[in-house]
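What follows is a single structure, written as structure tokens, with notes after it.
Numbering (the numbering used here), first residue to last: 3 to 296.
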């Protein structure tokens, strides 16, 4: 079921119990349950939904046009339509000065965030991956040469065949991902390179230094202690490490990554895929592709 939040300004969307929410700046919300938007060719029960929310064949919504007028760096990459049960949404893939963002419009209503179909597929992630131009080669080069935490015992010399993860040592979501990846790293099944950033704790730089200096087991020890609520190992961060952390943060922003963990790899065709917070199926596919290349 699709769930969105609308305001006069662009907002992030969210999923709440299988209900589609439309909200405006006055605080008014309208909830549409699945049965409200399911299409019935005999009863035409969804005609009200179509009338109010089906995207008309119009030009760029005013909200997006204002975004383009605000800065010459904001440019339209592509536009397209998707439909389900008679409801049509128009997608607008936009380059915001180097960061790619997908907006959805229903008439003049515009939202940014996840648009999820009844099959559970996140259409926002799908179309960003399918429609986005390839990553700037210079950014990929910076990623592969960035300071990283190497938990795999043997480093794969092919930097194009590694799984890169932007990682904050005190990030809870990162821990969930590490619980799956650490066994693969320690058994040397896959080359995972953690690109450390520091923004959650004053202890983050010191924890990163300890992880960079430590052996392959250091990450597993760090995560075990962190997840049990105990103090993690730290070390005095060197000026070089501090500078690298800053560069990693700048690289993260340049690649359009807004949070941790963020999983990045090259798919079977050589295209750079930025999964962000990867689902189980997305992570499984990334691991499969990397393993298949040996």
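For every residue, glycine included, the Cβ atom is placed at its ideal position computed from N, Cα and C. Keep in mind that this is a model prediction, so the values were computed, not measured.
Inset, instruction - Just mark residue 74 as buried or exposed, buried being the case when its beta carbon has 16 or more other beta carbons within 10 Å. - result: Within the chain shown, the letter at position 72 stands for residue 74. With fewer than 16 other Cβ atoms within 10 Å, it is exposed.
Legend entry - Close-in-space but distant-in-sequence residues of the same chain around residue 233 (CB under 8 Å, 5 per side omitted): The sequence position of residue 233 within the chain shown is 231, counting from 1. 227, listed in sequence order.
Inset, instruction - Confirm the yes/no value for this check: CB of residue 162, any heavy atom of the ligand SAH, distance under 8 Å. - result: The ligand SAH is absent from the structure shown, which contains no ligand whatsoever.
Inset, instruction - Pull up the distance between the alpha-carbon of residue 256 and that of residue 209, whole angstroms please. - result: On the chain shown, position 254 is the one that residue 256 refers to. On the chain shown, position 207 is the one that residue 209 refers to. Roughly 24 Å separates the two Cα atoms.
Legend entry - residue 60 burial status per 10 Å Cβ neighbour count (16 or more: buried): Locating residue 60 in the chain shown gives position 58, where the first residue counts as 1. Because the pLDDT of residue 60 is 45, which lies under 50, any placement of that residue in the model is unreliable, and the question is left without a value.
Legend entry - Residue environment, residue 139, which counts as buried when at least 16 other CB atoms sit within 10 Å: Here residue 139 corresponds to residue number 137 of the chain shown, with the count starting at 1. Residue 139 should be labelled exposed.
Legend entry - Inside the stretch 170 to 245 only - beta strand (DSSP E) runs reaching at least 3 residues: 194 to 198
Legend entry - Cα-Cα separation between residue 265 and residue 71, rounded to whole angstroms: Locating residue 265 in the chain shown gives position 263, counting from the first residue. Locating residue 71 in the chain shown gives position 69, counting from the first residue. Straight-line Cα distance between these residues: approximately 33 Å.
Legend entry - Cβ distance (whole Å) where residue 212 is taken to contact residue 279 below 8 Å: Counted from its first residue, the chain shown places residue 212 at position 210. Counted from its first residue, the chain shown places residue 279 at position 277. With a Cβ gap of about 25 Å, residue 212 and residue 279 do not count as contacting.
Inset, instruction - Ignore the nearest five residues each way along the sequence and tell me which others in residue 155's own chain have a CB closer than 6 Å to its CB. - result: Sequence index remark: in the chain shown, residue 155 carries index 153 (1-based). If we look at residue 155 and ignore the five residues flanking it on each side, its Cβ neighbours are 190, 218.
Inset, instruction - Return the CA-CA distance between residue 152 and residue 127, expressed in angstroms with no decimal places. - result: Residue mapping note: residue 152 aligns to position 150 of the chain shown, counting from 1. Residue mapping note: residue 127 aligns to position 125 of the chain shown, counting from 1. Roughly 28 Å between the two C-alpha positions.
Inset, instruction - State buried or exposed for residue 258, treating a residue as buried only when at least 16 other CB atoms are found within 10 Å of its CB. - result: What you label residue 258 is simply residue 256 of the chain shown in a count that begins at 1. Residue 258 should be labelled buried.
Inset, instruction - Please classify residue 225: is it buried, with 16 or more other beta-carbons within 10 angstroms of its beta-carbon, or exposed? - result: The residue you call residue 225 lines up with position 223 of the chain shown. Residue 225 is buried by the Cβ-count criterion.
Inset, instruction - With DSSP collapsed to three states, give me the class of residue 97. - result: By 1-based counting over the chain shown, the position of residue 97 is 95. Of the three classes helix, strand and coil, the one that applies to residue 97 here is strand, per DSSP.
Legend entry - Nearest neighbour of residue 102, chosen from 133, 223, 160, 62 [CA to CA]: The count along the chain shown starts at 1 and reaches residue 102 at position 100. Here the closest residue by C-alpha is 133.
Legend entry - Inter-residue spacing [alpha-carbon to alpha-carbon] between residue 64 and residue 83: As a first step, residue 64 must be located in the chain shown, where it is residue number 62. As a first step, residue 83 must be located in the chain shown, where it is residue number 81. Their backbone Cα atoms lie some 18 Å apart in a straight line.
Legend entry - Inter-residue spacing [alpha-carbon to alpha-carbon] between residue 292 and residue 282: In the chain shown, counting from the first residue as 1, residue 292 sits at position 290. In the chain shown, counting from the first residue as 1, residue 282 sits at position 280. Each residue's Cα considered, the two are about 16 Å apart.
Legend entry - Residues near residue 46 in its chain [Cβ-Cβ closer than 8 Å; skip 5 each side]: Counted from its first residue, the chain shown places residue 46 at position 44. Model confidence at residue 46 stands at a pLDDT of 34, short of 50, so the residue's coordinates are unreliable and nothing is read from them.
Legend entry - Which listed residue (216, 247, 200, 173) has its alpha carbon closest to that of residue 237: Along the chain shown, read from residue 1 onward, the residue named residue 237 stands at position 235. Nearest of 216, 247, 200, 173 to residue 237, Cα basis: 216.
Inset, instruction - Could you tell me the distance, in whole angstroms, from the CA atom of residue 77 to the CA atom of residue 159? - result: Position 75 of the chain shown holds residue 77. Position 157 of the chain shown holds residue 159. Each residue's alpha carbon lies about 37 Å from the other.
Inset, instruction - Give the straight-line distance between the Cα atoms of residue 119 and residue 243, rounded to the nearest whole angstrom. - result: For the purposes of this step, residue 119 is identified with residue 117 of the chain shown, where counting begins at 1. For the purposes of this step, residue 243 is identified with residue 241 of the chain shown, where counting begins at 1. Their Cα atoms are separated by approximately 43 Å.
Legend entry - CB of residue 179 within 9 Å of CB of residue 69, strictly: What you label residue 179 is simply residue 177 of the chain shown in a count that begins at 1. What you label residue 69 is simply residue 67 of the chain shown in a count that begins at 1. Contact: no.
Inset, instruction - Identify every residue that forms a DSSP beta bridge with residue 272. - result: Position 270 of the chain shown, counting from 1, holds the residue named residue 272. In the DSSP output, where bridge partners are listed per residue, residue 272 has none listed.
Inset, instruction - State the DSSP-derived secondary structure class of residue 132, mapped to helix, strand or coil. - result: Start at 1 with the first residue of the chain shown, and residue 132 comes out as number 130. Helix.
Inset, instruction - Name the residue from 214, 172, 177 whose alpha carbon lies nearest to the alpha carbon of residue 203. - result: The residue given as residue 203 occupies position 201 in the chain shown. Closest by alpha carbon: 172.
Inset, instruction - Return the CA-CA distance between residue 104 and residue 87, expressed in angstroms with no decimal places. - result: To locate residue 104, count along the chain shown from 1; it is residue 102. To locate residue 87, count along the chain shown from 1; it is residue 85. Approximately 22 Å, taken between the alpha carbons.
Inset, instruction - Would you tell me roughly how many angstroms separate the C-alpha atoms of residue 181 and residue 271, rounded to the nearest one? - result: Here residue 181 refers to the residue found at position 179 of the chain shown. Here residue 271 refers to the residue found at position 269 of the chain shown. If I take the Cα positions, the gap works out to 28 Å.
Inset, instruction - Using the Cα positions of residue 122 and residue 85, report the straight-line distance between them to the nearest angstrom. - result: Sequence index remark: in the chain shown, residue 122 carries index 120 (1-based). Sequence index remark: in the chain shown, residue 85 carries index 83 (1-based). Their Cα atoms are separated by approximately 15 Å.
Inset, instruction - Grab the span of the beta strand (DSSP E) containing residue 141 for me, first residue to last. - result: The residue you call residue 141 lines up with position 139 of the chain shown. Where residue 141 is concerned, there is no enclosing beta strand (DSSP E), although the alpha helix (DSSP H) it sits in stretches over 139 to 147.
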